[in-house]
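Worksheet for the structure shown next.
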Amino acid sequence: MKLYNVSIFSLFIILFSLNNFQCTKKKVFEELEPNNTFTTATPLEINQSCQGTLATDDDIDNYIIRPREDLIVKIELSPVKGVNHAFDIWEINSGVPKLYKSVDDNRKSSPEMIANLFVTSGDYIITVRHGELDAKKGNSEDKYTLRATAVSYTQHEEKEPNDSMNFANQIVDGETISGYFSPSRNRNNENQANAFREEDWFRTEIIATEESPVTVDVILSGVNGVDSILCLYDSEMNLLYSADNSGEGAAESIKGFGINKSNSYYIMVAAKSYQYNNTEKYSLSLKVNAFDKTSEFEPNNSFETASKIFNNSINGNIHNSGDVDFFMYSAAESYLNIKLIPDKSLDAVLTIFDSSKNKTMEINNKGVGEAEIIPSVYCDGLIYIKVNAVNSVVDAPYEIVIEQMQYDSDIEREPNNSLKDANALHEQISGFSSYKGDRDYYIVKTNGKVRYKINVEAPLNGTIKISTTDQMGYIIKTKTISKGEKYSMRELFDKKGYIIVESVIEDYENPYTIELEEVQ
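Numbered per our numbering, the sequence shown spans residues 15 to 534.
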């Protein structure tokens, strides 16, 4: 009787072993139905494969893997004709399942894969199921193959899941980390703007102060078939910068972004329109630099965040076609020559504002790659400068150079392009063609009727049209002169009149002059 009991027990052990290891002792194994609950999950060993079917529209197959050390695991699910399938990974902690990762490329008859799932010692359930976007349709004839493979891991690879700020991977200054745009459906992402979007998050600790600010460069490589987005957040989940400048397969970057507060900062990487590529890695690099006062301090896209210009020059960068950079320049009351020297790819716009933030001038006189020059800008102690692009560019550098000017006579003060903004003209004044079609108005005031001889000298390389008007601004006389030509005309002004100078052929570097001489 004792021998019989031992034999029965031995037979039970043998049968249990055959049942328990059916997915581990053959080359390709079969699922054990029913396995539609976690407690009936079919065991699956790492580096082994198992076959199954989604036979009905509500079929669910569960598998359990039990890694005994930290691993990076690649999980692959082969395609099934006519079926949009997906799989979830659940982490079991103290008997309680928690959704760890969902993988779904939202397509029929296509494989599913996550290439770099990080697991620790414990139990994980893999649930093979129908996808969520298509009508559920069973297929009892065509089998899928599920495989979990341990893959080699290096220090500088992302660890999935890193789908949110709370699970961000660490990245440090000077490091480059590789990762994948996985075909995952992030069921924990409840952001209405990007519901279920797969996101990769990285965290870095930055030390900076107002006195010792830093700038960061974040570079995300391009991956075939993916139009990516790169974002930078602070620890309060405030979006600091978003780079979405390039198209499919192209890189994105955040360059020269200024930070002046020590804290944790977060980098988020995502693909647009649920695109993915789980076979080609992206690389993400981070570089922290001491702030150089010869460069702009991003973000500087408003008056309030304008970068200060030291030593009469500064370097900037138009990161995308919508980028706008503001600068502030302080000087004693003076006239300034301002030159914007762009990259060969950049068609730049240069705008000047006075200390009250009123726009005084905006120019786009030249073409792509050519310098924009404002020969004379009045500064009453502070001016603001804005730079933006006309054309579509990505990471186009430029330089602003400022020179304080000394003149022997009065200089026009822009804006003076209308009767109401006319500059007062007493004895002599010089002016410039500041932009295409520039018109400069000057007012002459007298105590009564006074006749003047008006001596005009054209700019060295330009052509101007000079006109005199009556009190109401109606033109009386007009003369066009060119290339340093001198001309004199006589005019009678009764209490007031105007002189108008219109640019015909612009000379942005050399002035014209007007001199009044009272005659009988």
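Backbone N, C-alpha and C fix where the C-beta goes; we use that ideal spot for every residue, glycine too.
Run of the beta strand (DSSP E) containing residue i, from where it starts to where it stops
i: S63; result: 62-68
i: A304; result: 291-304
i: K479; result: 477-483
i: Q442; result: 442-445
i: M179; result: Per DSSP, M179 belongs to no beta strand (DSSP E) and is neither H nor E.
i: K380; result: Here K380 belongs to no beta strand (DSSP E), and DSSP marks it neither H nor E.
i: G270; result: 266-273
i: T229; result: 228-234
i: P175; result: Segment: none, P175 is in no beta strand (DSSP E) and carries neither H nor E.
i: I143; result: The displayed chain sequence assigns Arg, not Ile, to residue 143. Looking at the DSSP string, the run of the beta strand (DSSP E) that includes R143 is 137-144.
i: V363; result: 362-367
i: E213; result: 213-220
i: D339; result: 338-344
i: N351; result: 348-356
i: K450; result: Here K450 belongs to no beta strand (DSSP E), and DSSP marks it neither H nor E.
i: V110; result: 110-117
Proximity of residue i and residue j at Cβ, strictly below 8 Å
i: S276; j: I220; result: yes
i: R199; j: D71; result: no
i: N259; j: H333; result: yes
i: D452; j: S517; result: yes
i: I243; j: T218; result: no
i: I139; j: A55; result: yes
i: I366; j: I388; result: yes
i: A265; j: S235; result: yes
i: Y247; j: Y280; result: yes
i: K151; j: T67; result: no
i: P356; j: Y412; result: yes
i: E172; j: D214; result: yes
i: G445; j: D454; result: yes
i: P81; j: S135; result: yes
i: K286; j: D337; result: no
Assigned secondary structure, residue i (DSSP; H/G/I helix, E/B strand, else coil)
i: Y167; result: coil
i: Y421; result: coil
i: L433; result: helix
i: Y392; result: strand
i: F52; result: helix
i: A472; result: coil
i: N314; result: coil
i: Y288; result: helix
i: N252; result: coil
i: N325; result: coil
i: T38; result: Note that T38 scores 44 on pLDDT, short of 50, meaning its location in the model is unreliable; the coordinates nonetheless yield the value given after this. Looking at T38 - three-state DSSP - the assignment turns out to be coil, as it is neither helix nor strand.
i: A207; result: helix
i: V97; result: coil
i: I86; result: strand
i: K510; result: strand
i: I74; result: coil
i: M486; result: coil
i: N33; result: For N33, the predicted model reports a pLDDT of 44, less than 50, meaning its position is unreliable; a value from the coordinates is still stated below. Three-state result, N33: helix.
i: P125; result: coil
i: N524; result: coil
i: T319; result: coil
i: E516; result: strand
i: N200; result: coil
i: E529; result: strand
i: E428; result: coil
i: V458; result: strand
Whole-number beta carbon distance between residue j and residue i, since they are thought to touch under 8 Å
i: S123; j: V94; result: 7 Å
i: I528; j: I468; result: 7 Å
i: L530; j: L433; result: Their Cβ separation, rounded to whole angstroms, is 18 Å, which puts L530 and L433 out of contact at 8 Å.
i: N314; j: F340; result: 5 Å
i: Q10; j: G511; result: Because the chain in this structure spans residues 15 to 534, residue 10 falls outside the shown range and cannot be described.
i: Q418; j: S369; result: Wrong, their Cβ atoms sit about 16 Å apart, outside the cutoff.
i: G193; j: K295; result: 6 Å
i: Y526; j: P473; result: 5 Å
i: S496; j: I416; result: Incorrect: roughly 30 Å between the Cβ atoms, too far for contact.
i: S267; j: V232; result: 7 Å
i: L131; j: E174; result: 5 Å
i: T477; j: T494; result: 6 Å
i: A162; j: I79; result: 5 Å
Beta-ladder partner(s) of residue i, from DSSP
i: Q534; result: Q534 is not bridged to any residue.
i: P411; result: N331
i: A257; result: L244
i: G193; result: Y296
i: P57; result: I78
i: S406; result: S406 is not bridged to any residue.
i: T494; result: K479
i: V464; result: F507
Distance cut-off 7 Å: residue i Cβ against heavy atoms of the ligand ZN
i: I528; result: Absent from the structure shown: the ligand ZN. Ligands present: none.
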